[in-house]
Amino acid sequence: MSHKLLSNASLHEALFVLDGVSAHSCRQSGCWHCGARLHVSNYVRKPRGVPEPFQSFYEKRFSFTCAQCRCRCTPPSVRFFGQLRFVAGIPVLIAALMRGPSDRRCRQLERCFGVRLSASTWQRWRRWWRQQFLFTPFWLQSRGHFAQPEQLGCLPAGLLRAFPGRLVERLWQVLHFLSPLTGGALRAV
Ligand SMILES: [Zn+2]
Numbered sequence: 339m340s341h342k343l344l345s346n347a348s349l350h351e352a353l354f355v356l357d358g359v360s361a362h363s364c365r366q367s368g369c370w371h372c373g374a375r376l377h378v379s380n381y382v383r384k385p386r387g388v389p390e391p392f393q394s395f396y397e398k399r400f401s402f403t404c405a406q407c408r409c410r411c412t413p414p415s416v417r418f419f420g421q422l423r424f425v426a427g428i429p430v431l432i433a434a435l436m437r438g439p440s441d442r443r444c445r446q447l448e449r450c451f452g453v454r455l456s457a458s459t460w461q462r463w464r465r466w467w468r469q470q471f472l473f474t475p476f477w478l479q480s481r482g483h484f485a486q487p488e489q490l491g492c493l494p495a496g497l498l499r500a501f502p503g504r505l506v507e508r509l510w511q512v513l514h515f516l517s518p519l520t521g522g523a524l525r526a527v
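My numbering numbers the first residue of the sequence shown as 339 and each following residue consecutively.
So, in structure tokens, the structure goes:
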């Protein structure tokens, strides 16, 4: 199910467009530190876990540097999750749709996504969602978005369940919801 989801062109395109909108508004507001003009200074990314025809949507992460103080301003992203080499949807999907790591699931993951992931990295992601994420300023401020956040259950699976629509639409909404984690004042990844 999930690997078919990642072959849905409209998802990749929608995420790219959404990041473009976020980058545009970041540039319009100027440097976060001194307000001066921003120059384009994108990061080059080599996407992993995305089928080849859609890789072009993930080749750069939008970012800027200040013309005056040289500070870097990287807007939130729905496509990239922190320093992870995988595009944002992959860690969220893996953490949400698959149970804990095992050798068999690691092989399944490689078959489905073309992603080679060690059980220890997978375990680390699960720990992050279950422990650190709950104490991020982002979650403490945003949990009120849900009527009963304590009843969401395990995250991020609970987030995927909480949004309406088909899986692809829910994933899109979860990534949008989580994007403040990836840049700006609430950055935590
Ligand atoms: Zn500046």
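Heads up, the beta-carbon is just placed ideally off N, CA and C, and yes, glycines get one too.
Range of the contiguous alpha helix (DSSP H) that encloses residue i
i	result
residue 355	347-367
residue 514	505-516
residue 403	Here residue 403 belongs to no alpha helix (DSSP H); instead the beta strand (DSSP E) covers 402-404.
residue 497	495-500
residue 478	475-480
residue 461	457-465
Integer-rounded CB distance, given that residue j should sit under 8 Å from residue i
i	j	result
residue 364	residue 402	7 Å
residue 521	residue 394	The pair is not a contact, with the Cβ atoms about 22 Å apart (cut-off 8 Å).
residue 425	residue 387	6 Å
beta-carbon residue i near ligand 1 non-hydrogen atom, thresh 7 Å
i	result
residue 364	no
residue 406	yes
residue 500	no
residue 371	yes
residue 492	no
residue 409	yes
residue 374	yes
Within 8 Å, strictly: CB atoms of residue i and residue j
i	j	result
residue 417	residue 357	yes
residue 513	residue 353	yes
residue 361	residue 392	no
residue 490	residue 471	no
residue 501	residue 508	yes
residue 495	residue 457	no
residue 439	residue 461	yes
residue 474	residue 519	yes
residue 530	residue 443	Beyond the ends of the chain as shown, which are 339 and 527, falls residue 530; an answer cannot be given.
Euclidean distance between Cα positions of residue i and residue j
i	j	result
residue 350	residue 412	20 Å
residue 511	residue 484	13 Å
residue 397	residue 385	7 Å
residue 339	residue 432	With a pLDDT of only 45 at residue 339, under the threshold of 50, the placement of this residue in the model should not be trusted; the figure read from the coordinates follows. Straight-line Cα distance between these residues: approximately 12 Å.
residue 367	residue 517	18 Å
residue 405	residue 441	49 Å
residue 345	residue 389	7 Å
residue 476	residue 449	34 Å
residue 447	residue 478	32 Å
residue 347	residue 372	39 Å
residue 359	residue 481	24 Å
residue 525	residue 370	14 Å
residue 380	residue 410	10 Å
residue 428	residue 355	18 Å
residue 383	residue 467	24 Å
residue 463	residue 506	21 Å
First through last residue of the beta strand (DSSP E) which encompasses residue i
i	result
residue 376	376-378
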